Structures are given as structure tokens and as C-alpha cells.
Amino acid sequence: MYRYDEFDHQFVRERTAQFRDQADRRLKGELTEEEFRPLRLMNGLYLQLHAYMLRVAIPYGTLSSRQMRKLAYIAEKWDRGYGHFTTRQNIQYNWIKLEDTADILAALAEVEMHAIQTSGNCIRNVTTDHWAGAAADEISDPRPVGELLRQWSSLHPEFSYLPRKFKIAVTGAPNDRAAVKVHDIGLRLHKNDAGKIGWEVIVGGGQGRTPMIGVTVRDFLPENELVAYIEAIMRVYNLYGRRDNKYKARIKILVHEIGAEKFKSEVETEYARHPQQTTEVEEKELARIAAYFAPPQFEKLSRFAPAFEDAKLKHPEFARWTRNNLAAHKVDGYTIVNISLKPEGGIPGDATADQMRLMADLAERCSNDELRVSHPQNIILPHVKKDDVYSIWQQLGPAGLATANYGLAGDIIACPGMDYCALATARSIPISQAISRKFADLDVQEKIGPVKINISGCINACGHHHVGHIGILGLDKKGEEFYQITLGGSSTESASIGSILGPGFAGHEVADAIEKILETYVKLRQPGEEFLYAYRRLGPNPFKEALYATA
Amino acid sequence: MPLLRNNAFVVDTWTHLGLEDKLPDGGNVVLPFQRLKNEWESLAKFPGQLGVLLNNSDHAGELEHFLPHLALVILPFPAFTDGRAYSIARQIRLAGYRAELRATGNLLPDQFQYMQQVGFTSFDVSDRFPLSMWQSAAKQMSLAYQRGLYRRTGETEVWTERHMEAAPWEEQPHAG
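From first to last, the protein sequence lines are chains A and B. Under the numbering used here, the first residue of the first sequence carries the number 1, and numbering increases by one thereafter. Under the numbering used here, the first residue of the second sequence carries the number 1, and numbering increases by one thereafter.
Written as C-alpha cells, this is what we have:
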């Protein structure tokens, strides 16, 4: 894991002092709310429906046990004993006081964390594959590039007042778990026939009210050119991105309006305009960072772990959990443990301070002291010996963390919705709870197989409904909440935007509608065909008939 | 509106002209970019110093060949949230312009350091904020990660510092 050096420490300390001064000036009335707003946002502080919300950055979703324990401490000391892990691998606290914020930032700084640029019209926390450094299919760990970009984008003087927010995602694996095609910039690593690596640069993807799949502007950018090339993209966006309408201000609209070719040529012109600077410093810095991400000392283990296999035979519920919640590790004898934060009837992504501490303890003992936050709002122990898995499962159970639904119908992504958010037009959480209760029977979930159900409480799409296999969008119709259903979305390497199936449903009808869709799928699928692929083959009609056909 | 330069309020010695205002016989004159383009043939013979006011929807590239003849470029911030002029400032500095670069419009002390880092050297500021606030805002952060920006004494470029043995940034654009 990356560790701060004295520069990084000082940087975050100074930033905290700067914010403390700004908050003081606001409390004394020397700054207007309008002037304070962008300053607090760039430090992660939102004003929500009921209170301030603080969003803490978890760069590329990686946490140490010590950091996770600090998150638990903050939840207890300054919030109501829990936090909410978000789709951008961050954590949000929903009940924060402005007066406490600088103290919280200081507490975070003690464990090499901050809330810089988790909001505002600037470059946000860089996200990546939550299995980075562990996944069996990975070409190279994407986190060094994530850290390089984190530093480069932190308080970038040129790009702190962009037309709109800007999100970068990075993946080092061919199976895209970082949704790089629906980010403002997505970076995807490739290895060519000569064994050299290069980055595919994808620009202009996004969700929100105008969902779009990004376009590739470079197929194979040499790694040492990343910073300078991204700077050229940012400059073109900063200069020409629309500022007259905040709903048309994201880079995807610019790319769409001037066209991919024109956009690409603007970037290339900007990139070529200044003679290539030496990139020796960037290369050395990337190498310095990469050393922190050297793989842990894995033991030489057999692929077959007898104690683990025994436990599966003896305990069917454990066997079920391992079936659904483990993923292939690149090293024999190890596995990736995915802890579901989606218990039946729970709030997706929420964890209590006690749960955070338990996960921190488990990571310290059994996962090289590392945890990950995934964009589908779960927590991951990336490097676990198979022989430790049973004991981990036993400890997770009593804490409500052993739900065996990872990647299944109950593993729902949901934004906070109208229960917390000032922008929401409808509630998300109760819909998610109703669906998870409807599919409480894990036998049924397993029979259905992998499916991604994503719920957003407004058109801004924080719940990623556009790229859910089944997307649910909460809207307001004359004061009543109603929900639109889309099918066929995906955020992977074969990304697609879901299509609206038909008229919306009232809140209490949604879970039944989802059930009908999934029953239809089970009836029509071919052997082994997952929901998304069945939908792509069948199209919307059978699902429409099931939902809307009059008796 | 006070003019802030080198951490002090100073007197603006430039005459600011609109599209129609009559050109004086000499002195320091700032013109809209449109006028600079239209009247360049006669302006090239102007005996005093010339400056330009460039809107943030204008393209800095078009200004490039005038830059060697200019002693002042003014970039407006119509709103403090409108960050286009940060990029225009960098483009102008990267094009080799070394003279005064002035920010005008809606400026806040909390943006002061960023503006200096992209190459602004003078600031039309509102009298709402006392000089002391600008002076302390100028040194809110002593560290920055990005390379190739303007750094003053007491400001450290982290990556450059970490890798002192590496080749320096060739166009280190230090003011003065």
C-alpha cells in the first residue's frame, strides 16, 4: 500500500489548516455561503437535507486496517455510529456539523487520509478495480497510476474550477470492474504482442441525465505520457466545456456536440503544441509509488486447501457463501473474499463502526492488512489464505456480514435517495429493501444467477441505474414517487446503457415487477445464460409482455 | 478597484480603452482583443506600450503572434467559478509570454495562490477584502505536486523535490 512521505503529510496538514480557516471565516460571516460553497465542496463537505454530509476519499478504494478503524472512530465520535460506502469507493458520513469538520479532517490526516476533491467541479477521487493486485486476470496493478493521478490532480491550480465534476477510473485487467467506459476519463491497460504495456484512453463516458459510453481517443498511450496527455484533455475541457447549463457541462456533452473526431484533434493539437517535456520525473515518481504496491510475501501453498474443502462439505451455508462471495486470486492457495454490505432488508453500503472494526481486525490478521471498497458498495479482503476463510466466515456471521449474495439479486447498488439527499426526487433505500426482502431466499437468488440491480433516486444516476442489468430510476410525478425500469445496462468492457421498458411503477409495485422480470428470464434463458446476455438475445418484448400485458 | 501586485496595492498606470475610444498619442494603453486584431497595422506603430483584454471565450492561440509586442494581458473572471482563464493563462505563459498577466473580475483570496501558480502577476481585486487577507492567502499551501508551474520562494514542487537527480523541467517559467 502507498504510504505518505513527509511531503504528503505536510500537504494534507496544510490543507486541513486552510479549511479550518475557511470554515472559521464562514462561521464569522466573512465568507458568504455562495463563496464558501466551492471551498467546502472541494473538501468533501455537502449540505444535505438534514445536515452536512462529509465524503472522505478512499483513493482507488484501498484501505489499511488502521485507516478502517479511524473511519469507525469518526462514525462514533462525530456521526451516528455508521458510515455509507459509495459507488466511487469513498465513505460518506451523513450527520456532520460544520464546526467539527476540520477536526475530522485532522483525524483523517493522522492515518494518511483526506476528503480533498471528493466533491466540487474538479478532478474527483480516482477509482479503480477493487480486486487490483489480487485478481487472477490482471495485467498489472492499476493503483500506482491511480496514486500518480491522485497526487497530480490534488489542488491542481488549472483544473479546480472546471465546468463540472470530473471522474477518472483506471483498470489493469481485461475484465473491467472499474466501469471505465462510463467515466469522464477511463484508462484501460493493454499488453501488445511484443509484451509492452500501454493505456487505452477513453473519454466522455458518463451517466447522469445523458448517459453515454466513452470514446477511445488513444489506443495505446505509453505510460510515461499519461500525465501530460491527460493534462491536454483537461485543458480542452476546461476551455471549451459548456458553462451555460450545468446539465450540459460534463465532458461527455462536449465530446458529443463537437464530435469524437474533432474532440480528439483538439486534444492532439493541444498535446503537440508544447514540445514534449522530459517525463523522467513522472517515470521516477511512478516507479517510487509502484514500489509501495509490490505484491505481499505470499506463501507457497497448494491450490487445493483440504481444511477449506472439508468445511464446505460439512457446512452447506458456508459452501454457499464461498460459492458466491469468493473470487479467483492470482496466487495458488489464496482467494479474494467479498463481504456483502447488502443484508436482507438493509441499506446498501452502510456499515456500523463495530462492523468496520471487525473487518479491520480480519484484514489485519488474514489479508495482509488490506481492505478494499468496491464500486458496488461492498468491502473486500483481497489476499486471504483459503485455510483462513472458514474462520473469517464464522466471525462475519454474528456481525451480519456473511450474506451470501455477492453479485446476485440482493447485491443492489443504491444511492442514498430522498432519505438523505437534497437532489433526490424519490427514495431509493426502501425500494432496495423491498427487493432484497422479496429475494430473501438465497436458493432463489442462486437459481437466478448473476444480476446487477441498480437504483437511483433521481436523474443524476448516483445509483448507476443506466448500467444496471436492471436499472430503477425514482422520479416524482405530481408529488408521488414513481419508478422507471430499464433493462440491459452494463458497466463492463462490453458496456451498454439500459433501455426503458415501459411506464413506471409506484414504489410498492417495484419489487413485484422485478420478480416478474426475473421469472420471465428464468423461463426463457438458455442453459448457463446470464440475465444480461439473455436480455441482449431476447430483447425487451418478452419482459414487456410479462409486465404490461393486460389479462 | 485596487490593483494588487507583488503583495501590495499599487496604482494602475494603464489607460483602458473600449472599441470606440480615441487612441492617445502615447502612454500605456489596453485594448479589447477585437480592436487589436482589427487595427493592428496602425497599432504596430504606436509609440507607447500596448496591452490587451482577452475574453475567456477567445482563443489564446490567435493571440500568440501578438504576444511579443504586448506588455500587458488582462484575463477576466466573469464569475469566480468560471475557471477558463486559468487554462488561458497557462497557454499564454507556455507560448513564451513573460510580461504582466492580470486577472480581473470576480476574484477571491482563496483562489489567489492558484492564479499566481498559473502565471498571473497582477490582480484587480474588490475592496471587500483587506490587503492582509490577500497576503495570507498567498501562502496558504507551501507544497504542490504539479510540475512546470510558477513557484515563489517558500513553495515546493513535491515531485521535483523527490527526484532532484532527474532532468529539470526545461521551460521552468519563473516570473522575473
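From the three backbone atoms N, C-alpha and C, an ideal C-beta is built for every residue, glycine too. The model shown is predicted, which means the values in this text are computed figures rather than measured ones.
Those residues which DSSP pairs with residue i across a bridge
i, result
"A/Pro157", "Bridge partners of A/Pro157: none, in fact."
"A/Glu14", "Its beta-bridge partners do not exist; DSSP assigns none."
"A/Ala228", "A/Ala228 is not bridged to any residue."
"B/Asp124", "B/Leu3"
"B/Thr81", "None, per the DSSP bridge assignment."
"A/Val56", "A/Ile91"
"A/Met212", "A/Gly206"
Alpha-carbon spacing of residue i relative to residue j, whole angstroms
i, j, result
"A/Gly410", "B/Ala79", "46 Å"
"B/Asn56", "B/Leu108", "18 Å"
"B/Ser42", "B/Leu23", "11 Å"
"B/Pro173", "A/Ala351", "With a pLDDT of 46 at B/Pro173, under the threshold of 50, the predicted position of this residue should be treated as unreliable, though the coordinate-derived value follows. So the alpha carbons of these two residues sit roughly 49 Å apart."
"A/Pro348", "A/Tyr533", "25 Å"
"A/Tyr334", "A/Ala291", "22 Å"
"A/Val389", "A/Ala549", "47 Å"
"A/Lys463", "A/Ile455", "Lys is not the amino acid found at residue 463 of chain A; the sequence shown has Gly there. The alpha-carbon atoms of A/Gly463 and A/Ile455 are separated by roughly 5 Å."
"B/Ile88", "B/His69", "18 Å"
"A/His466", "A/Thr425", "17 Å"
"A/Glu33", "A/Tyr46", "12 Å"
"A/Asn541", "A/Arg209", "25 Å"
"A/Trp393", "A/Leu371", "16 Å"
"A/Leu341", "A/Glu270", "44 Å"
"A/Phe318", "A/Gln445", "16 Å"
"A/Ala551", "A/Asn325", "At A/Ala551 the pLDDT is 49, less than 50, meaning the model places this residue with poor confidence and gives no usable figure here."
"A/Leu41", "A/Asp354", "29 Å"
"B/Val52", "B/Gln113", "23 Å"
"B/Leu3", "B/Arg84", "21 Å"
"B/Ala175", "B/Met115", "Its pLDDT being 35, under 50, B/Ala175 is placed unreliably in this model, and the value from its coordinates should be taken loosely. The straight-line gap from Cα to Cα measures roughly 13 Å."
"B/Leu17", "B/Pro32", "7 Å"
"B/Leu131", "B/Gln117", "19 Å"
"A/Asn43", "A/Ile116", "5 Å"
"A/Thr560", "A/Glu509", "The question about residue 560 of chain A has no answer, for chain A in this structure spans 1 to 551."
"A/Asp553", "A/Arg88", "One cannot answer for residue 553 of chain A here, as it falls past the ends of chain A, which runs 1 to 551."
"A/Ile139", "A/Arg177", "14 Å"
"A/Phe36", "B/Gln140", "16 Å"
"B/Val10", "B/Glu62", "31 Å"
"A/Lys385", "A/Trp321", "16 Å"
Beta-carbon spacing of residue i, residue j below 8 Å
i, j, result
"A/Leu162", "A/Asn238", "yes"
"A/Arg250", "A/Arg164", "yes"
"A/Met212", "A/Lys252", "yes"
"A/Glu184", "A/Ile197", "Sequence check: residue 184 of chain A is Asp here, not Glu. No, they are not a contact pair."
"A/Ala23", "A/Thr118", "no"
"A/Val281", "B/Arg147", "yes"
"A/Tyr535", "A/Gly488", "yes"
"A/Ile96", "A/Gly83", "no"
"A/Thr128", "A/Gly206", "no"
"A/Phe293", "A/Gly133", "yes"
"B/Thr81", "A/Pro38", "yes"
"A/Ile429", "A/Ile514", "no"
"A/Glu344", "A/Arg235", "no"
"A/Arg66", "A/Val12", "no"
"A/Val451", "A/Phe531", "yes"
"A/Val201", "A/Val255", "no"
"B/Tyr150", "A/Trp152", "no"
Residue from the options whose Cα sits closest to the Cα of residue i
i, options, result
"B/Asp110", "A/Glu138, A/Val111 and A/Ser160", "A/Ser160"
"A/Arg243", "A/Asn121, A/Phe19 and A/Ile500", "A/Asn121"
"A/Gln377", "A/Met42, A/Glu200, A/Asn338 and A/Gln18", "A/Asn338"
"A/Phe7", "B/Met141, B/Met164, B/Val158 and B/Ala166", "B/Val158"
"B/Asp124", "B/Glu165, B/Glu161 and B/Phe77", "B/Phe77"
"A/Gly29", "B/Trp134, B/Thr160, B/Phe129 and B/Glu165", "B/Phe129"
"A/Leu358", "A/His383, A/Pro316 and A/Leu401", "A/Leu401"
"B/Asn106", "B/Lys45, B/Asp127 and B/Phe46", "B/Asp127"
"A/Ala495", "A/Ile470, A/Arg537 and A/Val180", "A/Val180"
"A/Ile497", "A/Ile379, A/Pro416, A/Arg25 and A/Val182", "A/Val182"
(request) Please list the residues of the segment 266 to 284 of chain A that have a C-beta atom closer than 7 Å to any C-beta atom in chain B, keeping them in chain order. (result) His274, Gln277, Thr278, Glu280, Val281 and Lys284
(message) For the segment 147 to 161 of chain A, list every residue whose C-beta sits within 8 Å of some C-beta in chain B, in sequence order.
(response) Gln151, Trp152, Ser154, Leu155, His156, Pro157, Glu158, Phe159, Ser160 and Tyr161
(message) By the 9 Å beta-carbon criterion, what residues does the segment 6 to 17 of chain A contribute toward chain B?
(response) Phe7, Asp8, Gln10, Phe11, Glu14, Arg15 and Ala17
(request) Using a Cβ-Cβ cut-off of less than 8 Å, give me the residues of the segment 35 to 51 of chain A that come near chain B, in sequence order. (result) Glu35, Pro38 and Leu39
(request) Using a Cβ-Cβ cut-off of less than 9 Å, give me the residues of the segment 89 to 114 of chain B that come near chain A, in sequence order. (result) Ala89, Arg90, Gln91, Leu94, Ala95, Leu108, Asp110, Gln111, Gln113 and Tyr114
(request) Give the residues from the segment 126 to 145 of chain B that approach chain A closer than 9 Å (Cβ to any Cβ), ordered along the chain. (result) Phe129, Met133, Ser136, Gln140, Met141, Ser142, Leu143, Ala144 and Tyr145
(request) Below 8 Å between beta carbons is the criterion; list the residues of the segment 239 to 252 of chain A that meet it against any residue of chain B, in chain order. (result) Leu239 and Arg243
(request) Residues of the segment 21 to 32 of chain A with a CB closer than 7 Å to any CB of chain B: list them in chain order, please. (result) Gln22
(request) Please name the residues in the segment 297 to 320 of chain A whose beta-carbon is closer than 9 Å to at least one beta-carbon of chain B, in chain order. (result) none
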